[in-house]
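A quick write-up on the structure given underneath.
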Amino acid sequence: MRALTWHGTHDVRVETVDDPEIVNPRDAIIRVTSTAICGSDLHLYNGVIPGMQAGDILGHEFMGEVVETGSASTLRKGQRVVVPFPIACGACFFCNRQEFSCCDNSNPVEKQDATELLYGHAMAGIFGYSHLTGGYAGGQAEYVRVPFSDVGPLVVPDHLDDDRVLFLSDILPTGWMAADNAQIEPEDTVAVWGCGPVGLFAVQSALVMGAARVIAIDHHPRRLELARGLGAEVINFRESHVLEALMEMTGGLGVDCAIDAVGMEGHGFALDNMFDTLKQKVGVGADRAHVLREVILAVRKGGRVSVPGVYGGLADKFPTGAMMEKGLQIRTGQTHVHRYIKDLLARIEDGALDTTFLISHRLPLEEAAEGYRQFRDNQNEWTKVVLKTGHSVAGASARGEAGTAV
Amino acid sequence: MMNTRQAGVAATLAGAGLALGGLALGALLMGRDKRRHEHPDSAPGYTARRGFGEYAVTGRSVTINKPRSEIFRFFRDFQNLPTFMENLEAVEPKGDGRNVWKIRGPLDRVFEVETEIVREEQDELIAWRSVDGSQIRTEGRLKLREAPGDRGTQVQLIIAYKPPAGEAGRLIAKLFQREPAVQARHDLKRLKMLLETGEIATSARRRDETRAAKQENH
Chain V
83 MRALTWHGTH
93 DVRVETVDDP
103 EIVNPRDAII
113 RVTSTAICGS
123 DLHLYNGVIP
133 GMQAGDILGH
143 EFMGEVVETG
153 SASTLRKGQR
163 VVVPFPIACG
173 ACFFCNRQEF
183 SCCDNSNPVE
193 KQDATELLYG
203 HAMAGIFGYS
213 HLTGGYAGGQ
223 AEYVRVPFSD
233 VGPLVVPDHL
243 DDDRVLFLSD
253 ILPTGWMAAD
263 NAQIEPEDTV
273 AVWGCGPVGL
283 FAVQSALVMG
293 AARVIAIDHH
303 PRRLELARGL
313 GAEVINFRES
323 HVLEALMEMT
333 GGLGVDCAID
343 AVGMEGHGFA
353 LDNMFDTLKQ
363 KVGVGADRAH
373 VLREVILAVR
383 KGGRVSVPGV
393 YGGLADKFPT
403 GAMMEKGLQI
413 RTGQTHVHRY
423 IKDLLARIED
433 GALDTTFLIS
443 HRLPLEEAAE
453 GYRQFRDNQN
463 EWTKVVLKTG
473 HSVAGASARG
483 EAGTAV
Chain Z
16 MMNTRQAGVA
26 ATLAGAGLAL
36 GGLALGALLM
46 GRDKRRHEHP
56 DSAPGYTARR
66 GFGEYAVTGR
76 SVTINKPRSE
86 IFRFFRDFQN
96 LPTFMENLEA
106 VEPKGDGRNV
116 WKIRGPLDRV
126 FEVETEIVRE
136 EQDELIAWRS
146 VDGSQIRTEG
156 RLKLREAPGD
166 RGTQVQLIIA
176 YKPPAGEAGR
186 LIAKLFQREP
196 AVQARHDLKR
206 LKMLLETGEI
216 ATSARRRDET
226 RAAKQENH
């Protein structure tokens, strides 16, 4: 089959690799119809996530058709499914608490050592996202082996085309959980740093959850326009002082909730960010935490902080004083996708949520490398790239033919 | 000097979650030796910052979301152990609580150790030890305790090992002080996966790429 593989910083290629097989009883093989490049894929592309190996297949936002099932899978061939990016067993303590991205059993044992050392506990498995999270082959490919297929994949109705449901795999539930973690109360003012896909969906979700005002922060005019289109007020950090603007816009109170939808690769020329950029270039595991610092300073006393943005290592100059003295609540984590997708699918079906506005470009899988380059370098215009494999749901492209080479 | 084969045996025994040495399962494994600790605390003995002198002791706990009885029943049938202990090829029961462990070594060699169960408390504890006269002496203990609330069972595996004297002993000790801890941790996590999910997670994309398959084809 054809697949997008990682070979080093800014080096991804579409190559021919072996087709995946059913390995464990609960597996299924999905023939991918649509897959997207995620902002967090850019962290891999930029080489700031450790634990990558040459040849790794990327991609954790994908959907497609079930073509093969293991003996313990509950899926049926021909079903159309969206696959959550975290892999969850459905049986451990965490899965029982609906904390699916904390699953104890999806990261292979021998791969758990690194995060156990780094974080104190091993992380769950994630498709296409380094060997720290399992080294699972990802979905920017024609076929994917999906473990625990009786737990993760969500069957979607045929009348909703791929573009309407693809983002249930990650960014829509991630934006939704970002707002959920902010524990929004009526009349709240919510600030969202970053108008990438997750930030924009967090804006949308916060308004659905009853926020009185949402203020979105970015520097790309087109992305700020998208946020404005969803009903947010906007701050361009190239034009205005963010902290001062937020204080003035809230009458000196500060925002009730602050959402960091940027993470470890924040832009900008603040002094701390320049130091952090330098450290990230020379070392491993140094996060650029400028946004998180600003979030903690901007949120009101007793406010709520939500961090969907990806951090992976360590940061210094962290405002521990502000964090403690202001009496904050901070909620974080990879998204418990499984917890939210059924409800979100229903909201898509009845028209309450639309995610298609985000898609700026659709490319064939063969042009994925170009998609990565553009998504990284032209963030203003390239807001979301969806890759199409050429498989349609009723497509007749035979598996054997697609993947006979090497 | 200890030769390569001896070192290999030592390492693979560690891999099977066993322990070398004729150490009795006593106070050393149960808790702190009070003489050695001025202010004894509640932590398991094997987490002590200070060593156990000539003994190497390692232990690891994992919480498994299954009732004690189920875990006990599964583990008590030693023939099940190779399904999650990576370096163990087979365990053959000899009756009377005696078992012959076939341990996969380097260069496709298989080593055998006969053990006997020295203590057994239904649904709580199993302890085993190599029989007298074994070329290799090993001990191990599995302890089960109910976890709070709906968390299932706390499963603790303890391994103790007394290195033989001399230069060879030092080398084995060096091998052991790291390896048994890693293997015990990996083996217990595989046990947890198997009991909770019915399978052991792998990111292999093809059946011949799993660790188990690679080991068999080795």
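Listed in order, the protein sequences are those of chains V and Z. Reminder that position 297 of the first sequence reads as 379 in this note's numbering, one-by-one numbering, no gaps. Reminder that position 183 of the second sequence reads as 198 in this note's numbering, one-by-one numbering, no gaps. Even glycine gets a Cβ: it sits at the ideal position worked out from N, Cα and C.
Ranked by Cα distance from R108(V), the first of R226(Z), G213(Z), S218(Z) and A162(Z) is G213(Z). Residues C277, Q461 and N462 of the same chain have their beta carbon placed closer than 8 Å to that of H302(V), with the five preceding and five following residues left out of the count.
For a Cβ distance threshold of 8 Å, residue set A173, C174, F175 and N178 of chain V lies close to N80(Z), ordered along the chain. For the segment 229-247 of chain V, the set of positions with a beta-carbon nearer than 9 Å to some beta-carbon of chain Z reads P229 and F230 in chain order. Beyond the five residues adjoining it in sequence on each side, A261(V) comes within less than 6 Å, by CB distance, of A284, S287, A288 and M291 in the same chain, given in chain order. Listed in chain order, the non-local C-beta contacts of G385(V) below 8 Å within the same chain comprise G336, V337, D338, C339, A340, K408, L410 and Q411, local neighbours out to five positions each way being set aside. Rounded to whole angstroms, the Cβ separation of T256(V) and T417(V) is 4 Å, and the two are in contact under 8 Å. With a threshold of 9 Å between beta carbons, T98(Z) makes no contact with chain V. M134(V) and P108(Z) have their alpha carbons spaced roughly 44 Å apart. A85(V) is a Cβ neighbour of E97(V), given a cutoff of 9 Å.
In this structure, the straight-line span from the alpha carbon of H89(V) to that of Q137(Z) is close to 53 Å. Positions of the beta strand (DSSP E) runs, each at least 3 residues long and wholly inside the segment 227-289 of chain V, are given as 271-275 in order along the chain. With a threshold of 9 Å between beta carbons, T212(Z) makes contact with chain V. Close CB contacts of R205(Z) within its chain, under the 6 Å cut and outside five residues either way in sequence, are with F99 and I215 (chain order). In this structure I79(Z) is not in contact with L172(Z), their Cβ atoms being roughly 12 Å apart against a cut-off of 8 Å. A straight line joining the alpha-carbon of I112(V) with that of Y218(V) spans about 14 Å. When Cβ pairs closer than 8 Å are counted between the two stretches, the segment 205-214 of chain V is seen to touch the segment 118-134 of chain V, the count reaching three or more. Distance from N102(Z) to I118(Z) at the Cβ level is roughly 6 Å; contact confirmed, criterion being Cβ atoms closer than 8 Å. Collapsing the DSSP output to three states places S322(V) in coil.
Between L248(V) and F144(V), the CB-CB gap stays under 9 Å.
In the same chain as P97(Z), and ignoring 5 residues on each side of it, the C-beta atoms closer than 8 Å to its own belong to L103, E104, A105 and V106, in chain order. Judged by DSSP secondary structure, A298(V) falls outside any alpha helix (DSSP H) and instead within the beta strand (DSSP E) spanning R295 to D300. The beta carbons of L250(V) and V164(V) sit closer together than 9 Å. A straight-line Cα-Cα distance of about 14 Å links A380(V) and V296(V).
For A85(V), the secondary structure class from DSSP, reduced to helix, strand or coil, is strand.
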